[in-house]
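Protein chains in written order, with my numbering: chain Z, 2 to 303; chain G, 2 to 303; chain W, 2 to 303; chain X, 2 to 303. Using N, Cα and C, we set each Cβ at its ideal position, and we do this for glycine too. This report concerns only the one structure given below.
Protein chains: 4
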Amino acid sequence: MYENIKIGLLGGDLRQLALARRLSSIGFETAVWGLGVCTAEIGSAVRCAGWRDAVRGSTAVVLPLPASQDGVQLNCPLAPETELRLTHIMNEVPDGALLLGGKFDSSIKQLAHKKHIPIIDYYECEELQIKNALPTAEGALAIAMNELPITIFGCMAAITGYGRVGKALAKVLCALGAKVTVIARSIEELAWAEINGCTPMRLETKNNVSTLGNLEGYDVIFNTVPYKIFDRAVLERLSKDILIIDLATSPGGIDSFAAKEFGHKVIWALSLPGKVAPFTAGNIIGDCILEILSREGVISQL
Amino acid sequence: MYENIKIGLLGGDLRQLALARRLSSIGFETAVWGLGVCTAEIGSAVRCAGWRDAVRGSTAVVLPLPASQDGVQLNCPLAPETELRLTHIMNEVPDGALLLGGKFDSSIKQLAHKKHIPIIDYYECEELQIKNALPTAEGALAIAMNELPITIFGCMAAITGYGRVGKALAKVLCALGAKVTVIARSIEELAWAEINGCTPMRLETKNNVSTLGNLEGYDVIFNTVPYKIFDRAVLERLSKDILIIDLATSPGGIDSFAAKEFGHKVIWALSLPGKVAPFTAGNIIGDCILEILSREGVISQL
Amino acid sequence: MYENIKIGLLGGDLRQLALARRLSSIGFETAVWGLGVCTAEIGSAVRCAGWRDAVRGSTAVVLPLPASQDGVQLNCPLAPETELRLTHIMNEVPDGALLLGGKFDSSIKQLAHKKHIPIIDYYECEELQIKNALPTAEGALAIAMNELPITIFGCMAAITGYGRVGKALAKVLCALGAKVTVIARSIEELAWAEINGCTPMRLETKNNVSTLGNLEGYDVIFNTVPYKIFDRAVLERLSKDILIIDLATSPGGIDSFAAKEFGHKVIWALSLPGKVAPFTAGNIIGDCILEILSREGVISQL
Amino acid sequence: MYENIKIGLLGGDLRQLALARRLSSIGFETAVWGLGVCTAEIGSAVRCAGWRDAVRGSTAVVLPLPASQDGVQLNCPLAPETELRLTHIMNEVPDGALLLGGKFDSSIKQLAHKKHIPIIDYYECEELQIKNALPTAEGALAIAMNELPITIFGCMAAITGYGRVGKALAKVLCALGAKVTVIARSIEELAWAEINGCTPMRLETKNNVSTLGNLEGYDVIFNTVPYKIFDRAVLERLSKDILIIDLATSPGGIDSFAAKEFGHKVIWALSLPGKVAPFTAGNIIGDCILEILSREGVISQL
């Protein structure tokens, strides 16, 4: 039904591949460039020899997540020797076509505005972040399963923070029979944690210092809070047997120097969806892109 | 540890009784009046002969939920012949003592302010509303179990709205193996519904008219949206075999005249926590009162 | 695909009605008699004026569950004034046709054998009993929800016995967040209970006397063991606040005289599937009948 | 309470270490030999310099699982250069002491009988096998999570066999939101699978040839059936994109030559509990040993 609408995909990893498969299965004319030697199935999408072939005639040009690693070159991990500047791509985007991508630098956004290219960062969509919480939670679960000498069933797990990732993680851990404590500041969030089957623990903050309750007896702590609640003082009191998995965006919530000094096992786990479930993550990006195309009037309401 | 703090409870139903048990078990001096002939166990709380005995010397006077049915008299269902005006109670509240209760009329609040009585409506606490979502969900589940000729396992259920009650209800239905569709406006809420295992269905709104998708094949619909999305047009298309349970606060989400005309089975289910699980509901009020006492400095932080 | 195969249904309640709907939807020529004034939808099944019309030409004649209440007359609760003896039905069953029904008396079976009528009691099918465990569990859950002044979430529940019903019941209670203890004799069953998330408690038996552990603090006990483990001695020690629901087939597991004497609240809950979820129960019978028809060569393998 | 009972543990891996910790925490005098350089916490258990010190005075001598890799030498992976024959151990077992271990060769059992040493293979305990199904299921889940490019949530999983491991695995997969099909022979097992939320699929067998249904669209297959149901013919029809995880004891259920020829990704996953959750597995052995000690009258009933 969307045969007359061409979407050009440039660069990216297995998520981009899953996205190509998804968009072509729905019926878009889908043109792909930059997946390099990856020979996996891309449905009825077409691999282009040159990137301009993929862009030409497109209603939307979709760059990967992130669009660029260095703010200059297209992120193209499956064709590593490639060099293609985002500015060059912009020069070829058809008039009126949308430029989509993840985590655009503000300088790129400004340039696009200057060139009157409608640019949309799909990573800023709240529903994408929500859906990404699930592969993140599964990725964190897999790390815990791989690292712990015990089963998740019956283990004592603490989660700091009860936002998107905290909620999804608590759900999967409870589903497998872990005893889950949620540590958070807001009594509303703790009320949710409680009716979702977790033990609530208040995170007190006085004079900018957070006071974690007693974590003795826990097997694993998952941190989702993006500031240092696991500071020197907290880490000093913490048993060395507890596995710590930090899911918070950089710089994370754990004082890494102190953790090293006290001999804690800490695993920093970032950008899990693309690593542990690239096809799922690509489909989530696909959902978001369809929503954007609908919102922008390219396709009729879903 | 709280022996020196007296709390006086007046009126109310089994929730008030559970509250008395809870507060006395924690160590408060707990004085109760108005539970009438109900002889159930109230722990170490003391039944007072006169209401003034319960109020005298109290640090906090706790009225039930709702504090009054008519805005004038204390709500006292277990001692039905009782007549005690809230204004009379206010005259006896000790200096500096808190006056707590649920769903105070604004006129009562204004009067309290005028009399310099610190008055707090615990029903306005967000965490109480969140925790109440669970007994509400269980109550709605019980109604569905009692009414439907099929098991919840495998049944097709639709929930309109994905706020507190919608979320709690979806969770219990999924837990029992129902196939749950969540119908909501916001794509963020639908993303949550999806990762929580439900099928998302968008509720479109144009020119103030909501358009429900096709609900053929569903066995039961739970409405939690407090305005008429089940209007004449929707109800006319709906199969008569579908059980409709309306959980939205008055006037609810279903056009009752049209429902009657078309022969739909609609059950209006309001104030479920106090009806289906009064002891749990009383304990939830207790949690909230402890939080208030802590916030107000009556007791140290929990 | 089964248009040439006629199935005649006689008597029964809403289960028989659901069965008629199911069989006709699959394509059998389905003839019904004895549902009386019940005007509910029976799909493309045909209501017969006389019972002989339903039986004539049938490949299988299906009697309800139970086939008879008194061992003589057909069980016909929806047409209560009806009187039709099973022996009369047998006289009209076509040559070679199967006679199916639930809980046949041994005298009826013997008579059928004598008359060379192939008779099969579908209630003896293990898979029907297994599937029936689920509506039984939901029915027991609904009773507990209706009776207890607390939510199932967080309640302390004990289940005696971990057979079909015990397993299904433990599952639904755990799913709703109850804390479930399974009391059983076999350490194998207790190992299953443990990995299914329940607390195991050994039921010791010495000299034919079972010794129940301490049940203080429990809110509800579900008994599934069909002999008196709740004898005088056990009941005397048990708190009167505990709700007892007896699911075991007659005479059940609770000494009713002692329970009355000590003031226990006991609910005897029998034959739940047909009461709480007749359509589901009818479909389960349908599954079983299809299995029997396949096994007997009437239809090809499912 | 068991200070006067000495238990000697020889050889083994981290499971034996967890067992030492468990037994010493209960109060047994626990003597350990053969954990080599492993410096992990063993509670109040005592590391012995010589194996005879651990055995001397013991009421029970506990060998690891398996007791021996080659039927001759003690299995001692944490002290790999060790050489200690089971026959030498037997010579030193105190009179009347129990000799416990896992997977004893029949020749060892015969020798023990000849020497009047009460020998018990704890791996033969049904309850240990049941409890082990859970770490096996979690281990299989972790493999699937590590290998699949999609989340378990929403994935299409098939499980062949519905015994101990099949049941535990179906449970964890369903808990995480996978769509699970159970393929089995017995309609009773399929009825259980159905009420546990799985889709049942009949495994037909004619003339010793099993016929698997259509597995198109599945993402992962877990085999638990210990004979070749995935033969050449089945594998030829199967999509190469499906991940196959074989959990069945050797020789497993998959024709490995054909799988290689057709390019299937097969993972053979054996003895998972000791690998993925050695501390849990050690505690499970501990449960079993306590049960044996109770049954044998060494300790009073648990």
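**Prompt:** Hey, is Ala282 of chain Z's beta-carbon within less than 8 Å of any beta-carbon in chain G?
**Reply:** As a first step, residue 282 of chain Z must be located in the first sequence, where it is residue number 281. No, no contact with chain G.
**Item:** Close Cβ partners of Tyr219 of chain Z (< 6 Å) along its chain, the five nearest in sequence each way excluded
**Value:** Within the first sequence, numbered from 1, the residue matching residue 219 of chain Z stands at position 218. Excluding positions up to five away in sequence, the list reads Met157, Ala159 and Ile243.
**Request:** Check Glu93 of chain X in the structure and name its three-state DSSP category.
**Result:** Within the fourth sequence, residue 93 of chain X is the residue found at index 92, counting from 1. Glu93 of chain X: helix per DSSP, three-state reduction.
**Asked** Under a CB-based cut-off of 8 Å, is Pro65 of chain X close to chain Z?
**Response** If you number the fourth sequence from 1, residue 65 of chain X lands on position 64. No, Pro65 of chain X does not count as interfacial toward chain Z.
**Request:** Report the rounded CA-to-CA distance for Ala176 of chain G versus Thr137 of chain Z, giving the unit in angstroms.
**Result:** Numbered from 1 along the second sequence, position 175 holds the residue referred to as residue 176 of chain G. Numbered from 1 along the first sequence, position 136 holds the residue referred to as residue 137 of chain Z. The alpha-carbon atoms of Ala176 of chain G and Thr137 of chain Z are separated by roughly 22 Å.
**Item:** Completely contained beta strand (DSSP E) runs for the stretch 87 to 165 of chain Z, where each covers 3 or more residues
**Value:** Those beta strand (DSSP E) runs which fall completely within the stretch 87 to 165 of chain Z and span 3+ residues are 99 to 102, 120 to 122 and 157 to 161.
**Asked** Which residue's Cα is closest to the Cα of Gly298 of chain G: G:Thr281, G:His89 and G:Gly97?
**Response** Stepping through the second sequence from its first residue, residue 298 of chain G is reached at position 297. For the residues G:Thr281, G:His89 and G:Gly97, the minimum Cα distance to Gly298 of chain G belongs to G:Gly97.
**Asked** Under the three-state reduction of DSSP, which class applies to Gly9 of chain W: helix, strand or coil?
**Response** Walking along the third sequence from the start, residue 9 of chain W turns up at place 8. Note: Gly9 of chain W maps to strand in three-state DSSP.
**Prompt:** Which residues, taken in chain order from the stretch 118 to 149 of chain G, show a beta carbon closer than 7 Å to some beta carbon of chain C?
**Reply:** No chain C is part of this structure, whose protein chains are labelled Z, G, W and X.
**Request:** Step through the CB atoms of chain W and report whether any lies within less than 8 Å of the CB of Trp52 of chain X.
**Result:** Walking along the fourth sequence from the start, residue 52 of chain X turns up at place 51. Not closer than 8 Å to any Cβ of chain W, the Cβ of Trp52 of chain X fails to qualify, so no.
**Item:** Contacts around Ser240 of chain Z, its chain only, beta-carbon distance under 7 Å, and the 5 residues preceding and following it disregarded
**Value:** Start at 1 with the first residue of the first sequence, and residue 240 of chain Z comes out as number 239. Same-chain partners within the cutoff: Glu217.
**Item:** Of the listed residues G:Pro67, G:Val94 and G:Arg23, nearest to Arg53 of chain G (C-alpha basis)
**Value:** For this step, residue 53 of chain G is matched to residue 52 along the second sequence. Closest option to Arg53 of chain G, judged by alpha-carbon separation, among G:Pro67, G:Val94 and G:Arg23: G:Val94.
**Asked** Can you tell me whether Lys132 of chain W is buried or exposed, with buried defined as 16 or more other CB within 10 angstroms of its CB?
**Response** Along the third sequence, one-based indexing puts residue 132 of chain W at 131. Answer is buried; the Cβ neighbour count reaches 16.
**Beta-carbon proximity of Gly283 of chain G to Arg23 of chain G, cut-off 8 Å** = For the purposes of this step, residue 283 of chain G is taken as the residue at position 282 of the second sequence. For the purposes of this step, residue 23 of chain G is taken as the residue at position 22 of the second sequence. Result yes, Cβ atoms of Gly283 of chain G and Arg23 of chain G sit closer than 8 Å.
**Asked** For Phe263 of chain G, which residues in chain W fall below 9 Å Cβ to Cβ?
**Response** Numbered from 1 along the second sequence, position 262 holds the residue referred to as residue 263 of chain G. What Phe263 of chain G touches in chain W: nothing, since even the nearest Cβ is about 17 Å away.
**Request:** Taking only the alpha-carbon atoms, compute the straight-line gap between Tyr3 of chain G and Thr225 of chain W and give it to the nearest angstrom.
**Result:** Walking along the second sequence from the start, residue 3 of chain G turns up at place 2. Walking along the third sequence from the start, residue 225 of chain W turns up at place 224. Going from the Cα of Tyr3 of chain G to the Cα of Thr225 of chain W covers about 44 Å.
**Asked** Using Cβ-Cβ distances below 7 Å, what residues of the stretch 167 to 187 of chain Z are close to chain X?
**Response** If the cut-off is 7 Å between Cβ atoms, the stretch 167 to 187 of chain Z has Val173, Ala176 and Leu177 near chain X.
**Among X:Val277, X:Ser257 and X:Ile245, the one whose alpha carbon lies nearest that of Arg233 of chain X** = Locating residue 233 of chain X in the fourth sequence gives position 232, counting from the first residue. Comparing Cα-Cα distances from Arg233 of chain X to each of X:Val277, X:Ser257 and X:Ile245, the minimum goes to X:Ser257.
**Message:** For Ala192 of chain Z, would you say it is in contact with chain G, using Cβ-to-Cβ distances shorter than 8 Å as the test?
**Reply:** Within the first sequence, numbered from 1, the residue matching residue 192 of chain Z stands at position 191. Chain G has a Cβ within less than 8 Å of the Cβ of Ala192 of chain Z.
**Prompt:** Who are the near neighbours of Ala41 of chain G in its chain, counting only those whose CB is closer than 8 Å to its CB and skipping five residues on each side?
**Reply:** One-based indexing of the second sequence puts residue 41 of chain G at position 40. Cβ within range, chain order: Leu15 and Leu18.
**Asked** Using a beta-carbon distance below 8 Å, is Val221 of chain W in contact with chain G?
**Response** Within the third sequence, the letter at position 220 stands for residue 221 of chain W. No, its Cβ sits nowhere closer than 8 Å to a Cβ of chain G.
**Request:** With Lys276 of chain X as the anchor, note down where its alpha helix (DSSP H) starts and where it stops.
**Result:** Taking the first residue of the fourth sequence as position 1, residue 276 of chain X is located at position 275. Element bounds for Lys276 of chain X: Leu273 to Val277.
**Prompt:** From this set, W:Ile109, W:Thr281 and W:Gly264, which residue's C-alpha is nearest Ile153 of chain G's C-alpha?
**Reply:** Taking the first residue of the second sequence as 1, we reach residue 153 of chain G at position 152. Considering only alpha carbons, the answer is W:Thr281.
**Message:** On the DSSP letters alone, give me the boundaries of the beta strand (DSSP E) that Leu20 of chain W sits inside.
**Reply:** Locating residue 20 of chain W in the third sequence gives position 19, counting from the first residue. Segment Leu15 to Ile27 is the alpha helix (DSSP H) holding Leu20 of chain W; no beta strand (DSSP E) there.
**Asked** DSSP on Ala185 of chain G, reduced to helix/strand/coil?
**Response** One-based indexing of the second sequence puts residue 185 of chain G at position 184. In the structure shown, Ala185 of chain G sits in a strand (DSSP, three-state: E or B).
**Reference Glu30 of chain G, options G:Val73, G:Leu20, G:Asn5 and G:Gly12, closest by Cα** = Mapped onto the second sequence, residue 30 of chain G falls at position 29. Comparing Cα-Cα distances from Glu30 of chain G to each of G:Val73, G:Leu20, G:Asn5 and G:Gly12, the minimum goes to G:Asn5.
**Request:** For Ile13 of chain W, collect the residues of the same chain with a Cβ closer than 6 Å to its Cβ; drop the 5 residues on either side in sequence, then sort them by chain order.
**Result:** To locate residue 13 of chain W, count along the third sequence from 1; it is residue 12. Rather than Ile, the amino acid found at residue 13 of chain W in this sequence is Gly. Only Pro65 meet the Cβ criterion.
**Asked** Can you tell me where the alpha helix (DSSP H) with Asp54 of chain W in it begins and where it stops?
**Response** Here residue 54 of chain W refers to the residue found at position 53 of the third sequence. Trp52 to Val56 is the span of the alpha helix (DSSP H), which, as asked, contains Asp54 of chain W.
**C-alpha distance - Ile184 of chain W paired with Tyr163 of chain W, whole-angstrom precision** = Translated into positions along the third sequence, residue 184 of chain W becomes position 183. Translated into positions along the third sequence, residue 163 of chain W becomes position 162. For Ile184 of chain W and Tyr163 of chain W, the distance between alpha carbons rounds to 8 Å.
**Message:** At the 8 Å Cβ level, is Glu93 of chain G part of the contact set with chain Z, yes or no?
**Reply:** Translated into the one-based positions of the second sequence, residue 93 of chain G becomes position 92. By this cut-off, Glu93 of chain G is not an interface position.
**Message:** Beta carbons nearer than 9 Å to chain G: which residues of the stretch 9 to 28 of chain W have them?
**Reply:** Listed by position along the chain: Leu15 and Ala19.
**Item:** chain Z contact for Thr212 of chain X (CB, 8 Å cutoff)
**Value:** The residue you call residue 212 of chain X lines up with position 211 of the fourth sequence. No - not a single Cβ of chain Z is within 8 Å of the one on Thr212 of chain X.
**Request:** Provide the residue span of the alpha helix (DSSP H) that contains Phe231 of chain X, from first to last.
**Result:** Your numbering for residue 231 of chain X matches position 230 in the fourth sequence. Counting along the chain, Phe231 of chain X sits inside no alpha helix (DSSP H), nor does DSSP assign it H or E at all.
**Request:** Determine whether the Cβ of Ile6 of chain X lies closer than 8 Å to any Cβ atom of chain Z.
**Result:** Indexing the fourth sequence from 1 puts residue 6 of chain X at position 5. It does not; no Cβ of chain Z falls within 8 Å.
**Request:** Return the CA-CA distance between Ala120 of chain Z and Lys110 of chain Z, expressed in angstroms with no decimal places.
**Result:** Start at 1 with the first residue of the first sequence, and residue 120 of chain Z comes out as number 119. Start at 1 with the first residue of the first sequence, and residue 110 of chain Z comes out as number 109. The residue asked about is misnamed: residue 120 of chain Z is Ile in this sequence, not Ala. Going from the Cα of Ile120 of chain Z to the Cα of Lys110 of chain Z covers about 7 Å.
**Request:** Starting from Ala32 of chain W, trace the beta strand (DSSP E) both ways and give me its first and last residue.
**Result:** As a working mapping, residue 32 of chain W is identified with position 31 in the third sequence. First-last of the beta strand (DSSP E) with Ala32 of chain W: Glu30 to Trp34.
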